[in-house]
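**Student:**
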Amino acid sequence: DAKTTQPPSMDCAEGRAANLPCNHSTISGNEYVYWYRQIHSQGPQYIIHGLKNNETNEMASLIITEDRKSSTLILPHATLRDTAVYYCIVKSNTGKLIFGQGTTLQVKP
Amino acid sequence: GAVVSQHPSWVICKSGTSVKIECRSLDFQATTMFWYRQFPKQSLMLMATSNEGSKATYEQGVEKDKFLINHASLTLSTLTVTSAHPEDSSFYICSAQEAGQGDSYEQYFGPGTRLTVT
Numbered sequence: 002d003a004k005t006t007q008p009p010s011m012d013c014a015e016g017r018a019a020n021l022p023c024n025h026s027t028i029s030g031n032e033y034v035y036w037y038r039q040i041h042s043q044g045p046q047y048i049i050h051g052l053k054n055n056e057t058n059e060m061a062s063l064i065i066t067e068d069r070k071s072s073t074l075i076l077p078h079a080t081l082r083d084t085a086v087y088y089c090i091v092k093s094n095t096g097k098l099i100f101g102q103g104t105t106l107q108v109k110p
Numbered sequence: 007g008a009v010v011s012q013h014p015s016w017v018i019c020k021s022g023t024s025v026k027i028e029c030r031s032l033d034f035q036a037t038t039m040f041w042y043r044q045f046p047k048q049s050l051m052l053m054a055t056s057n058e059g060s061k062a063t064y065e066q067g068v069e070k071d072k073f074l075i076n077h078a079s080l081t082l083s084t085l086t087v088t089s090a091h092p093e094d095s096s097f098y099i100c101s102a103q104e105a106g107q108g109d110s111y112e113q114y115f116g117p118g119t120r121l122t123v124t
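Encoded structure:
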């Protein structure tokens, strides 16, 4: 299973874009990158996923480098409710999601 | 979006007793469900993969005789913690993947069950 590396914590000002990086240098060609977030004492919430192309939905944008060894999750206008732990996960061929330590994003007023 | 529920949301039990946690996919059928455990200030740890109609596959280090998993239908998986001890106190979370969907589709997570063993 490909491993991911994320910074343990980040701060972001409310209303500004939050850019969360993730390294996944051992990713295989057919493995997807998924992003979830977890607000305290709740189940993880799906955000976005991608394979090769950049993706955008109502929550965020996902930028994947051409070599696919890293990606960045972008929350375009962070709010206080976006404060959470963000997990970048490479989904294995078995369908398993193996969670790393994630990045704790603190959005500040 | 797809909804996964868990019941109960929290439970307190005495040491030595067994506790059953249910995971239901409410508006879709799930061939595969996953069970996770999360200790305070730690990440989610995958315990097992539950497949409808077959035996669960446990991750290394997870005792299959202690954590019994049953996936009897396409909408229900249960996790039974047998002979619970205080060290089993944790946040148990399930996820489900819609039947027929492969690697390009998301898993939907339940809200979690807080187990406290006294």
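Protein sequence lines correspond, in order, to chains A and B.
Whatever position you read off the first sequence (first residue = 1), add 1 for our numbering.
Whatever position you read off the second sequence (first residue = 1), add 6 for our numbering.
Using N, Cα and C, we set each Cβ at its ideal position, and we do this for glycine too.
Keep in mind the model is a prediction, meaning the values are calculated, not measured.
1. Output the distance between the C-alpha atoms of Tyr98 (chain B) and Pro110 (chain A), rounded to the nearest integer angstrom.
2. Distance cutoff 8 Å, beta carbons only. Does Gln66 (chain B) sit that close to anything in chain A?
3. Any idea if Pro46 (chain B) is buried or exposed, counting beta-carbon neighbours within 10 angstroms, 16 or more meaning buried?
4. Below 8 Å on the Cβ atoms is my contact criterion, and I expect Glu15 (chain A) with Thr80 (chain A) to pass it. Report the Cβ-Cβ distance as a whole number of Å.
5. Apart from the five residues just before and just after Cys23 (chain A), which ones in its own chain have a Cβ nearer than 6 Å to its Cβ?
6. Would the beta-carbon of Arg17 (chain A) be found less than 7 Å away from any heavy atom of the ligand SAH?
7. Would the region 67-85 of chain B and the region 11-19 of chain B be scored as touching if the rule is three or more Cβ pairs under 8 Å?
8. Whole angstroms is fine: what's the gap from Ser11 (chain B)'s alpha carbon to Tyr47 (chain A)'s?
9. Three or more C-beta pairs under 8 Å: does that hold for the region 83-97 of chain B against the region 20-38 of chain B?
10. If you reduce the DSSP assignment to three classes, tell me which class Glu28 (chain B) lands in.
11. Between Gly16 (chain A) and chain B, is any beta-carbon pair separated by less than 8 Å?
12. Tell me, to the nearest whole angstrom, how far the beta carbon of Lys28 (chain A) is from that of Ala61 (chain A); I am working on the premise that it is less than 8 Å.
13. Find the residues of chain A that neighbour Thr55 (chain B), judging by a C-beta separation of less than 8 Å, and give them in chain order.
14. In whole angstroms, what is the alpha-carbon distance linking Ser26 (chain A) and Ser93 (chain A)?
**Tutor:** The structure says:
1. Rounded to whole angstroms, Tyr98 (chain B) to Pro110 (chain A) spans 32 Å at the Cα level.
2. False, the Cβ-Cβ gap to chain A never drops below 8 Å.
3. Flag for Pro46 (chain B) reads exposed.
4. That pair is a contact at about 6 Å.
5. Hits under 6 Å: Thr5, Gln7, Ser72, Cys89.
6. This structure does not include the ligand SAH; it has no bound ligands of any sort.
7. No, the region 67-85 of chain B does not touch the region 11-19 of chain B.
8. Each residue's CA atom was taken as its position, placing Ser11 (chain B) and Tyr47 (chain A) some 15 Å apart.
9. With the cut-off at 8 Å, the region 83-97 of chain B and the region 20-38 of chain B touch.
10. Residue state, collapsed to three classes: strand.
11. Any Cβ of chain B closer than 8 Å to the Cβ of Gly16 (chain A) would place that residue at the interface, and such an atom is absent.
12. For the record, residue 28 (chain A) in the displayed sequence is Ile; it is not Lys. Contact doesn't hold; Cβ gap of about 19 Å is too wide.
13. The answer, in chain order, is Thr95, Gly96, Lys97.
14. If you draw a straight line from the Cα of Ser26 (chain A) to the Cα of Ser93 (chain A), it comes to about 14 Å.
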